[in-house]
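A quick write-up on the structure given underneath.
Protein chains: 2
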Amino acid sequence: MSTAEETAGGEAQAWGEVTPDAARRLLVAAVEAFAERGYHATTTRDIAGRAGMSPAALYIHYKTKEELLHRISRIGHEKALEILRTAARREGTARERLAGAVSSFVRWHAGGRTTARVVQYELDSLGPDARAEILALRRQCDAEVRAIIEDGVAAGEFDVLDVKGTTLAVLSLCIDVARWFNVDGPWTPDEVGALYADLVLRMVGDK
Amino acid sequence: MSTAEETAGGEAQAWGEVTPDAARRLLVAAVEAFAERGYHATTTRDIAGRAGMSPAALYIHYKTKEELLHRISRIGHEKALEILRTAARREGTARERLAGAVSSFVRWHAGGRTTARVVQYELDSLGPDARAEILALRRQCDAEVRAIIEDGVAAGEFDVLDVKGTTLAVLSLCIDVARWFNVDGPWTPDEVGALYADLVLRMVGDK
DNA sequence: GGTCGCACTAAGCGCTCGCTCACCTTCGGC
DNA sequence: GCCGAAGGTGAGCGAGCGCTTAGTGCGACC
Chain Z
3 MSTAEETAGG EAQAWGEVTP DAARRLLVAA VEAFAERGYH ATTTRDIAGR AGMSPAALYI
63 HYKTKEELLH RISRIGHEKA LEILRTAARR EGTARERLAG AVSSFVRWHA GGRTTARVVQ
123 YELDSLGPDA RAEILALRRQ CDAEVRAIIE DGVAAGEFDV LDVKGTTLAV LSLCIDVARW
183 FNVDGPWTPD EVGALYADLV LRMVGDK
Chain A
3 MSTAEETAGG EAQAWGEVTP DAARRLLVAA VEAFAERGYH ATTTRDIAGR AGMSPAALYI
63 HYKTKEELLH RISRIGHEKA LEILRTAARR EGTARERLAG AVSSFVRWHA GGRTTARVVQ
123 YELDSLGPDA RAEILALRRQ CDAEVRAIIE DGVAAGEFDV LDVKGTTLAV LSLCIDVARW
183 FNVDGPWTPD EVGALYADLV LRMVGDK
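In the order they appear, the protein sequences are chains Z and A.
Counting in my numbering, the first sequence runs from 3 upward without gaps.
Counting in my numbering, the second sequence runs from 3 upward without gaps.
Set out below in structure tokens:
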């Protein structure tokens with residue numbers, strides 16, 4: 003279930019769609035810098051330097067530093083939503099779909115931790131319009147997970163007291179992986195994904 | 003189980019120990035500003051302004067802006083550790099102690115969200131020495147929760163596959179409350195605490 | 001009631017930030 | 001062989017940053 007694209011290098015993932023080449027290099031450099039230091043502590047000179055370009059080159063491809071964050075955040079959220087949507091709409095029981103959704107979502111947060119960190123934790127650095135757009139994508143992520151849990155409850159597979167609260171807790175648990183996961187630590191992304199799928203099935207009272 | 007101190011106003015909590023008055027006002031102002039905008043996006047002029055003082059006044063009580071963050075972080079972590087330690091060392095079964103620890107820890111993160119946000123998410127803005135000191139306090143938090151879970155497993159109360167991983171997941175779940183909890187949202191800190199205690203007991207296979 | 005100590009302020013220093021602008025190179029089309 | 005567009009650079013602007021310093025107001029004490 004884990005693909006090369008998801009875990010290879012962790013980071014050289016979904017940016018293929020960004021063109022031209024120089025714009026992509028700047029974007030990848032920005033992801034790394036934002037993940038390491040945070041958006042506000044990162045300078046445009048640092049981003050350009052990592053991409054092997056002069057500070058002025060950044061403004062040929064992006065209007066502002068914030069536009070870089072916005073682009074990263076949108077692409078990242080679209081990827082996250084795609085992962086959840088694919089898992090949610092597969093054939094199978096609710097338990098199978100929930101376990102698949104959690105394990106692949108967690109693998110993405112662990113393996114692509116650099117990207118996930120920016121996507122999940124730098125949201126407040128966006129302006130109001132950009133943030134509103136991203137929050138809409140988040141609500142769609144929430145809806146996908148909630149739909150699986152509701153299916154499981156309706157089918158008598160799950161035993162849940164508070165569907166809304168449990169959905170939030172499941173997503174929260176997965177997202178926080180991006181905060182603590184360490185590539186040099188004792189677990190692989192696959193292992194954390196498997197552990198978390200088990201924990202989440204317990205949370206929803208899977209029988 | 004919820005005390006006035008934990009939830010009153012959410013924020014006017016443990017800072018009583020900070021003296022003199024002007025130093026405390028600056029510290030409280032810094033907590034609010036860091037929580038709203040993040041450490042790097044907060045200016046010393048903003049902190050001093052919120053405390054009703056001139057920018058220079060800050061440097062009478064604190065050597066640098068980073069010292070403010072360090073002090074906030076240490077006091078906050080000590081409070082968090084105290085909450086877990088108190089719950090862990092109470093009389094009772096492992097299930098009772100774990101439920102108590104989770105519900106009070108979550109209440110602290112939800113009710114004192116402003117403080118908790120700074121404590122949990124601005125760690126990387128500290129220098130190496132200060133960060134090392136804070137990380138030691140975190141490891142103690144981890145040890146308290148793990149001890150309860152190990153007790154429960156030994157007593158046959160819990161059924162856990164991976165004690166270390168589950169401990170991490172439980173703490174991760176509680177900590178992330180500081181990211182998403184909204185005072186104007188549909189839940190009170192008490193309600194989230196109760197929900198999360200139930201979810202965590204499910205995660206550890208409580209019978 | 002003079003004076004000493006201290007919390008505090010107004011002004012500003014040196015620096016780095018995000019961003020701009022004048023200019024340079026490369027290259028496909030005629 | 002010339003030209004214009006596209007993509008790049010070096011230098012630097014105005015602003016705002018963290019922090020300092022010279023000076024002020026004021027209460028405690030002899």
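We put the beta carbon where it would ideally sit given N, CA and C, even for glycine.
Next on the checklist: Can you check whether the C-beta of residue 197/Z is within less than 8 Å of a C-beta belonging to chain A?
Outcome noted: yes
Next on the checklist: Quick check on the DSSP output: the alpha helix (DSSP H) that includes residue 208/Z runs from which residue to which?
Outcome noted: No alpha helix (DSSP H) contains residue 208/Z, which DSSP labels as neither H nor E.
Item to check | Segment limits, alpha helix (DSSP H) that includes residue 113/A | outcome: 96-113
Checklist entry - Closer than 8 Å, Cβ to any Cβ of chain Z: which residues of the segment 95-129 of chain A, in chain order? => result 123, 126, 127
Next on the checklist: Give me the chain Z residues within the contact set of residue 204/A, using Cβ-Cβ distance strictly less than 7 Å, ordered along the chain.
Outcome noted: 204, 205, 207
Next on the checklist: Does the structure place the segment 105-119 of chain Z close enough to the segment 188-200 of chain Z that three or more beta carbon pairs sit under 8 Å?
Outcome noted: yes
Next on the checklist: Contact criterion: CB-CB distance below 8 Å. Does residue 177/Z meet it with respect to chain A?
Outcome noted: yes
Checklist entry - Do the segment 15-25 of chain Z and the segment 49-66 of chain Z meet, that is, are 3 or more Cβ pairs less than 8 Å apart? => result yes
Item to check | residue 174/Z: contacting residues in chain A (beta-carbon distance under 8 Å) | outcome: 175, 178, 179, 181, 182
Item to check | Cutoff 7 Å; reference residue 86/Z; Cβ partners in own chain excluding five residues on either side | outcome: 103, 107, 143, 146, 147
Checklist entry - Going by C-alpha distance, which of 116/A, 43/A, 136/A is nearest residue 80/A? => result 136/A
Checklist entry - By a C-beta neighbour count over all protein chains shown, 10 Å radius and 16 as the cutoff for buried, is residue 163/Z buried or exposed? => result exposed
Item to check | Proximity of residue 203/Z and residue 100/Z at Cβ, strictly below 8 Å | outcome: yes
Next on the checklist: So, does the segment 167-182 of chain A touch the segment 169-186 of chain Z, judging by three or more C-beta pairs under 8 Å?
Outcome noted: yes
Next on the checklist: Can you confirm whether residue 163/Z, when its beta carbon is compared against all beta carbons of chain A, has any partner nearer than 8 Å?
Outcome noted: yes
Next on the checklist: Quick check on residue 92/A: buried or exposed, where buried means 16 or more other Cβ atoms within 10 Å of its Cβ?
Outcome noted: exposed
Checklist entry - Mapping DSSP to helix, strand and coil, what is residue 65/Z? => result coil
Next on the checklist: Quick test of your reading: residue 75/Z and residue 125/Z, contact by CB under 8 Å. State the CB separation rounded to the nearest angstrom.
Outcome noted: 7 Å
Next on the checklist: When you compare the CB of residue 37/Z with every CB in chain A, is at least one pair closer than 8 Å?
Outcome noted: no
Checklist entry - Helix, strand or coil for residue 185/A per DSSP? => result coil
Checklist entry - Any C-beta of chain A sitting closer than 8 Å to the C-beta of residue 11/Z? => result Because the pLDDT of residue 11/Z is 43, which lies under 50, any placement of that residue in the model is unreliable, and the number read from its coordinates should be weighed accordingly. Output row for residue 11/Z: interface = no.
Checklist entry - For residue 5/Z, which three-state DSSP category applies? => result Residue placement at residue 5/Z is poorly supported in this model, since its pLDDT is 47, which falls under 50; the coordinates are not used for a value here.
Next on the checklist: Residues of chain A with CB closer than 8 Å to the CB of residue 79/Z, please, in chain order.
Outcome noted: Within chain A, no residue comes near residue 79/Z; the closest Cβ sits about 16 Å away, beyond 8 Å.
Checklist entry - So residue 167/Z packs on residue 96/Z, CB below 8 Å; how close in whole Å? => result In fact, because the Cβ distance is near 18 Å, the residues do not count as touching under 8 Å.
Item to check | Under 8 Å by beta carbon: chain A residues contacting residue 171/Z | outcome: 175, 197, 198, 201
Checklist entry - Looking at the unbroken alpha helix (DSSP H) that takes in residue 155/Z, where does it start and where does it end? => result 130-156
Checklist entry - Can you tell me whether residue 120/A is buried or exposed, with buried defined as 16 or more other CB within 10 angstroms of its CB? => result buried
Checklist entry - Among the residues of its own chain, which have a CB less than 7 Å from the CB of residue 152/A, if the five just before and after it don't count? => result 165
Checklist entry - Exposed or buried, residue 261/A, counting other C-beta atoms within 10 Å across all chains shown (16 or more means buried)? => result Nothing in the structure corresponds to residue 261/A, since chain A is present only between 3 and 209.
Checklist entry - Who are the Cβ neighbours of residue 89/A in its own chain at under 7 Å, not counting the five residues just before and after it? => result 99, 102, 103, 106
Item to check | is_contact[residue 43/A, chain Z] using C-beta, thresh 8 Å | outcome: yes
Checklist entry - residue 53/A to residue 83/A, Cα distance in whole Å? => result 28 Å
Next on the checklist: Does chain A have any CB closer than 8 Å to the CB of residue 190/Z?
Outcome noted: no
Checklist entry - What did DSSP end up calling residue 116/A once you bin it into helix, strand or coil? => result helix
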